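Q:
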Amino acid sequence: MTDGADPAEWSTVGATALGAPGAALIGEVVTEADPDLGFRLLLRLLDAYEAPITEARYTRFERLADRLGCGEDYVRRELEHRITR
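Structure representation (structure tokens):
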């Protein structure tokens with residue numbers, strides 16, 4: 002299991018929840034603009050599309066947020082209500 006730091010994994014998450022165009026958008030932001038911005042956009046879109054988030058994926062998002070300097074609180078505010086248990 003990865004820690005979620007691979008932007009290719011973000012596209013997989015995005016493709017499942019947002020479809021191919023959404024995943025392509027996230028990938029483009031991550032590679033052409035800024036990984037932090039792409040991560041924040043992914044979280045916002047997952048919430049907007051009401052995508053269910055597993056506890057394992059949520060944990061990986063927390064670790065990634067910490068690595069990007071967002072902090073775990075950011076993920077909690079954006080996605081905690083989406084965790085499927």
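Note that this note's numbering numbers the sequence shown so that position 30 is 31, with each residue one more than the last.
Ideal placement from N, C-alpha and C gives every residue a C-beta, glycine not left out.
Predicted model only: the values in this text are computed from it and were never measured.
Nearest to I84 by alpha carbon, out of E33, F62 and R68?
A: F62
Q: Please report how far the alpha carbon of E81 lies from the alpha carbon of I27, in whole angstroms.
A: 21 Å
Q: Straight-line CA distance for R87 to F40?
A: The shown model of the chain, from 2 to 86, leaves out residue 87, and the question about it has no answer.
Q: Rank E29, R77 and A52 by C-alpha distance to the C-alpha of R64 and give the top, closest one.
A: It is R77.
Q: Output yes or no for whether 7 Å exceeds the beta carbon distance between L44 and L19.
A: Judged by their CB atoms, L44 and L19 are not nearer to each other than the 7 Å cut-off.
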